[in-house]
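Heads up: the sequence shown at position 234 corresponds to 233 in numbering that gives the first Met the number 0, and the numbers run straight through without jumps.
The C-beta atom is built at its ideal place from N, Cα and C for all residues, glycine as well.
Computed from a predicted model, the values in this text were never measured in an experiment.
Accompanying notes for the structure given below.
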Amino acid sequence: MKKFNFRKVLDGLTAASPVGSSGGGSGSGAGGSVHPGGTAGAAGTPREEIQETLTSDYFQICKTVRHGFPYLPTALAFDPVQKILAIGTRTGAIRILGRPGVDCYCQHESGAAVLQLQFLINEGALVSACADDALHLWNLRQKRPAILHSLKFNRERITYCHLPFQSKWLYVGTERGNTHIVNIESFILSGYVIMWNKAIELSTKTHPGPVVHLSDSPRDEGKLLIGYENGTIVFWDLRSKRADLRAYYDEAIHSVAWHHEGKQFMCSHSDGSLTLWNLKSPNRPFQTTIPHGKVQRDGKKPESCKPILKVEYKTCKNSEPFVIFSGGLSYDKPCRRPSLTIMHGKAITVLEMDHPIVDFLTLCETPYPNEFQEPYAVVVLLEKDLIVVDLTQSNFPIFENPYPIDIHESPVTCTEYFADCPPDLIPVLYSVGAKHKKQGYSNKEWPISGGAWNLGAQTYPEIIITGHADGSVKFWDASAITLQMLYKLKTSKVFEKQKVGEGKATAEIVEEDPFAVQMMYWCPESRIFCVAGVSAYVIVYRFSKHEVNTEIASLEVRLQCEVEDIITPEPETNPPFPDASSQLPSLKSLSGSANTVACEGTMKDSIPCLSVKARPVRMPPGYQADLVIQLVWVDGEPPQQITSLAVNSAYGLVAFGNCNGLAVVDFMQKTVLLSMGTLDLYGSSDPYQRQPRSPRKSRQFAADNFCMRGLSNFYPDLTKRIRTSYQSLTELSDSPVSLELERCKSPTSVKGSRKLSLPTDLKTDLENRENSFSRSRSSSVSSIDRDSKEAITALYFMESFARKNDSAVSSCLWVGTGLGMVIILSLNLPASDDLRQSEPVVVSPSGTVLTLKGAVLTFACLDCMGTLTHQPYEVWRDPHSADDGDKTRKRKLVMHSPSSSQDMGDHQFAVICSEKQAKVFSLPSQTCLYVHNITETSFLLRADVVTLCNSVCLACFCANGHIMTLSLPSLRPLLDINYLPVTDMRIARTFCFTNEGQALYLSSPTEIQRLTYSQEMCDNLQDMLGDLFTPVETPEAQNRGFLKGLFGGSGQAFDREELFGEATAGKASRSLAQHIPGSGGIEGVRGAAGGVIGDLTRARIALDERGQKLGELDERTASMMASAEAFSKHAHEVMLKYKDKKWYQF
């Protein structure tokens, strides 16, 4: 009875007040829930009916993990005992990598570039030197590293650092040529300084330049080798505070490397030469080579080459030493790729790289510099890749990289995120993807194997899909905060390759990357996958485990709309909905030749942008193209990019729209059901009175059409739709009124828009966009401009009540537009599954039109109990299964979620969110129950209805950086945090929410940042993260042998503490550097993830346990002392007893 009464209340509400789009317009600026119509008691009835379980306590935002390649890398370090790798970047970030699953991201607050990294080997700490002349000590003994100490140099610029193994004194070289010494424990400067003018000879008249190298002698820790940029080398005796020897070379030094015995060292120079020096004869190098220089015939020195930026000199016990260096190639080969050269004996191997080399490190068996190094691998850090070369095999194969660092192999153009998807999908995708893996990798284990990681508590399947500029789509296993590539799909394979001389047919529309993926739609249950490309096409894929040879079905759709020439529409003049097989254009031009434009002498018409392969194509197991739908040129105008996409496997339909109109295609029968301008979708329900307008003098598509310029639309395409609201991202220098009008203008009315490059281009940021579009803003915008183009911005298939008087749900397509209009289309499907392949599907307008403020972003449907109703789907079956002889096998359809099946006939809630507000309607009465004005001064970039803790909520991401969640159906604000400033359009384009409190965005062109808005996951995060530090015994130093110890070097121990400590060296000048205590200690105590209360409790328990153990220790010590005293007394008595006896008396 209760439900029946509730229904009557809703119907009463409908009769009492028709709801308009301004129902919540008078709410507060920060947003508020408004109940239009009815009394307060009536508006409160749904709350009594539906018990909402989510409260603000369920929500908390924190970043979880960052995947991908560190953006703009600058520095590299490796701990040979812990076996973890650190990479520093130009943006001040540090990524620390260990075994797969151990991946940590930390950031310097200053954002200054990282110049150099140094591990405290096997100590669980890391020193970073940054471009703002600050040194930082990071504590790695906690899951989220934090800074323990910082030291900011005020008068000198840091150029090089060196920390000897098992030393607590860090040598710091500066631009002025001085060398300072820092105590790692206290992070305070020692008074001991090696001034440049003391290091060089008094007779030298020029400054030696910055310090480019520091290292202590492997033979004697009391001797420090200092390399200066101009070619001066000083061997400094730390004890006697003077130079033991000096060496000079007429070419600039880039790096220095020791032989392990400490008698020789090698330098790399700016002319491509390597010099080998002996400490006994420092007057000149005893060997000089230019490895890649051409030998001159007349016996002269080989010609100079490019600089050798770094050299490493590593010895082996049973073979020749390795000399490994980067750079040094000949100038006469300008097209040579960046290379790493490995010299082993007389063999020289050049490894060509795809990207410039930033740094490299040789991994050796021992951390001791005075032992045979035994190198086994080289880690090479490139600008956009990380590779590890196996040195133990003669052909130097590379190791297969287990990290997801190839996300950016082609620039990412869009992302989708699915949490809690069917568990069988990940193994299935992995099995088809594994067949395409590259061969020829090293057969050894990945050498960066440090840290520890376990699965943690949350183990539901998660999949991330990335679309790329080259048309590829990658599926990633994202379960348990890891990322592993499952499967790669190349969508460009359905099209013919474009020949270079093929004219400007496509080039006019898409100047680069014609196959770029713009939008994706995936149904995990039915495994139907759909892609919309930048060249105005849609591809429907089905999943099969079997290879097949078949032709690719294709359809062409005309979708063009001339709004300027439309006279106020009347019901009888609207063209009728086309039948199942028609492919009519939505509207014809009324002005004839006045609106045509000539392209190279001929007007293009009915031509698609790309050519689908006409021959049979071999499709491997995995996703196989079922249908390609292309929009075509109409009367010399190119097709506009697709702004919305939806697929439904149960209905067998795909729908997509752009700024001209909507198309619905039956992909089972391969027919176009609907191709219609947006205005015609209203039928007689068009809420706007559109006035006649004179045609444009000339069309701007050929010159000013930015909708189809390469990937330029990926920047403005904030919510995957064509709009011109880009300027509103730069926090609103114009008045909100003019901005709101400007945002609704036709894309074709923006003049002077520039060609934009890939969305990953750094040059394009929000300020540039503000500047580039400021010219096109007009001071006054007429109402005609507002209505000139109405893009389709959201589509949703669902079982719903299409009309007010419907008594049962039916198949519907909900259509949202850029002007905030919601149109419901009825889908009349064949009654039985047997007739589905033969009988036509009829799409017709229901006459229902709902309104919101701002462009519509998302739809969802709740049953009368407030549970999310899933879209109908077909259970997956293999379309090419061998045991399926007869094609008439019945499809297995799931029409709605099982939990709500008994309630579907009663009523339901429709949740609609636009970029300005959210509304909840009761169906079939179409009463607006709740309105929440989300933002007045900004607009939403993304909104998703998601499940969390067995309940449902609306998650929103706003252009002003706020992340919000609203309860459903009552739209109560649960979370609103200004968390993520939209500093780059990339964030706006790739941000997406998913179930279980997860979200992600592309934080840089190469990295995916995942975050959670769930309190539970924030609490459990500490358990899910990997440990960077694990207790490992430091290997023992080799026994040097008696003779080597006697003749092989300095026998006396070197006490750095005595030499550099305050007692001997005194204090350093206070103005030289400033010590800044870090938060690392606090972070370590706090655990960096869980709630403070829990941490305090854990700390108290730990203290209690420690106190208990100390008490037990105290008792044990006391008993030991008592027994020792008794033993002493007893011994004394025995001694007295035998004191005076002779030996023969015993």
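Q: Please report how far the alpha carbon of Q50 lies from the alpha carbon of T866, in whole angstroms.
A: Roughly 11 Å between the two C-alpha positions.
Q) For the candidate residues R1115, T677, R335, whose alpha-carbon lies nearest to that of L558? A) Cα-wise, what sits closest to L558 is T677.
Q: Identify the continuous alpha helix (DSSP H) that holds P426 and give its terminal residues.
A: From DSSP, the alpha helix (DSSP H) with P426 extends over 424 to 433.
Q) On the three-state DSSP scale, how would you describe L974? A) DSSP places L974 in strand when its eight states are reduced to three.
Q) Are D131 and A145 touching if we call contact CB-CB under 8 Å? A) No, the pair does not count as a contact, with Cβ atoms beyond the cut-off.
Q) Whole beta strand (DSSP E) runs in the segment 901 to 987 with 3 or more residues, listed along the chain? A) Counting only runs of 3 or more, we get 907 to 913, 916 to 922, 926 to 932, 939 to 947, 950 to 957, 961 to 966, 972 to 977.
(Q) If I follow the unbroken alpha helix (DSSP H) through C1017, where does it start and stop? (A) Per DSSP, the continuous alpha helix (DSSP H) segment holding C1017 begins and ends at 1014 to 1023.
Q) Quick one: what's got a C-beta closer than 6 Å to E507's C-beta in the same chain, skipping five residues either side? A) Because E507 sits at a pLDDT of 49, beneath the cut-off of 50, its placement in the model cannot be relied upon, and the following sentence gives the value as read from the coordinates. Excluding five sequence positions before and after E507, none of the CB atoms of its chain fall closer than 6 Å to its own CB.
(Q) Output needed for P523: all residues of its chain with C-beta closer than 7 Å, excluding positions within five of it in sequence on either side, in chain order. (A) Closer than 7 Å at the Cβ level, and outside the excluded window around P523, lie F417, C420, P421, L424.
Q | Host beta strand (DSSP E) of F264 (start-end) | A | Taken as a continuous stretch (DSSP letters only), the beta strand (DSSP E) holding F264 covers 263 to 268.
**Q.** Residue range of the unbroken beta strand (DSSP E) whose run includes T414
**A.** DSSP places T414 in the uninterrupted beta strand (DSSP E) bounded by 411 to 418.
Q: Hey, could you find the ends of the alpha helix (DSSP H) R1055 is sitting in?
A: Judged by DSSP secondary structure, R1055 falls within the alpha helix (DSSP H) whose first and last residues are 1055 to 1059.
Q: Report all residues from its chain with a CB closer than 6 Å to the CB of T954; omit the five preceding and five following residues, and keep chain order.
A: In the sequence on display, residue 954 carries Ala and not Thr. Counting only Cβ-Cβ distances below 6 Å, and skipping sequence neighbours, we find D943, V945, T964, F992.
Q.
Can you look up G190 in the DSSP assignment and give me helix, strand or coil?
A. G190: strand per DSSP, three-state reduction.
Q) CB-CB under 6 Å to N994, same chain, minus the five flanking residues each way: which ones, in chain order? A) Closer than 6 Å at Cβ, skipping near neighbours: A418, D419, V945, T946.
Q.
Short of 7 Å in beta carbon distance, which residues of its chain neighbour A1125, apart from the five on each side in sequence? Order them along the chain.
A. None.
Q. Taking buried to mean at least 16 other C-beta atoms within 10 Å of its own C-beta, is R541 buried or exposed?
A. With at least 16 other beta carbons inside 10 angstroms of its own, R541 counts as buried.
Q | Element boundaries [alpha helix (DSSP H), containing A145] | A | Run containing A145: none in the alpha helix (DSSP H); it sits in the beta strand (DSSP E), 145 to 152.
**Q.** N994 (DSSP reduced to helix, strand or coil)
**A.** The answer is coil: DSSP assigns N994 none of H, G, I, E or B.
**Q.** Option nearest E914 by Cα separation, candidates G87, V310, T792, W875
**A.** With respect to the C-alpha of E914, the residue from G87, V310, T792, W875 having the closest C-alpha is T792.
Q | Any beta strand (DSSP E) of 3 or more consecutive residues that is wholly inside the segment 48 to 79 | A | Taking only runs of at least 3 residues, the beta strand (DSSP E) segments lying wholly in the segment 48 to 79 are 58 to 67, 72 to 78.
Q. Hey, out of D604, P1030, L554, M194, whose CA is closest to Q1148's CA?
A. Only positions 0 to 1145 of the chain appear in the structure, and residue 1148 is not among them; the question remains open.
(Q) So, at 8 Å on beta carbons, what are the nonlocal neighbours of A552 in its own chain, with the 5 sequence-adjacent residues on each side left out? (A) Within the same chain, Cβ atoms closer than 8 Å to the Cβ of A552 are found at D625, L626, V627, K669, the five residues on either side in sequence being excluded.
Q.
Between which residues of its own chain and T465 is the CB-CB distance below 6 Å, once the five residues before and five after are set aside?
A. Cβ within range, chain order: V411, T414, K473.
Q.
I'd like to know if the segment 365 to 382 and the segment 474 to 493 are in contact, where contact means that at least 3 CB-CB pairs between them fall below 8 Å.
A. Counting Cβ pairs under 8 Å, fewer than three are found: no touch.
**Q.** Backbone CA spacing between T63 and L1024 [nearest angstrom]
**A.** Inter-residue distance for T63 and L1024 is about 8 Å (C-alpha atoms, whole angstroms).
(Q) Counting only C-beta atoms, is L96 closer than 8 Å to chain B at any point? (A) Considering every chain present, this structure includes no chain B. It has just one protein chain.
Q.
Rounded to the nearest angstrom, what separates E319 and Q372 at their Cα positions?
A. Separation of E319 and Q372 (C-alpha to C-alpha, rounded to the nearest whole angstrom) is 12 Å.
Q | Residue environment, I406, which counts as buried when at least 16 other CB atoms sit within 10 Å | A | It counts as buried.
Q) Taking C-alpha atoms, which residue in P217, T549, T203 lies nearest to W257? A) Cα-wise, what sits closest to W257 is P217.
Q | Start-to-end residues for the alpha helix (DSSP H) that takes in T677 | A | In the DSSP assignment, T677 falls within the unbroken alpha helix (DSSP H) covering 677 to 680.
Q: Could you tell me if N317 is buried or exposed, where buried requires 16 or more neighbouring beta carbons within 10 angstroms of its beta carbon?
A: Exposed, by the Cβ-count rule.
Q) To which residues does DSSP link R487 through a beta bridge? A) It is Lys, not Arg, that sits at residue 487 in the sequence shown. Partner(s): K473.
Q. By Cβ distance, which residues of its chain are closer than 6 Å to L609, with the 5 residues on each side in sequence left out?
A. Result list for L609: F494, S534, in chain order.
**Q.** DSSP three-state assignment for M864, whether helix, strand or coil
**A.** Three-state DSSP puts M864 in coil, outside helix and strand.
Q.
Tell me the DSSP secondary structure of L237 in three-state form.
A. In the three-state reduction of the DSSP assignment, L237 falls in the coil class, being assigned neither a helical nor a strand state.
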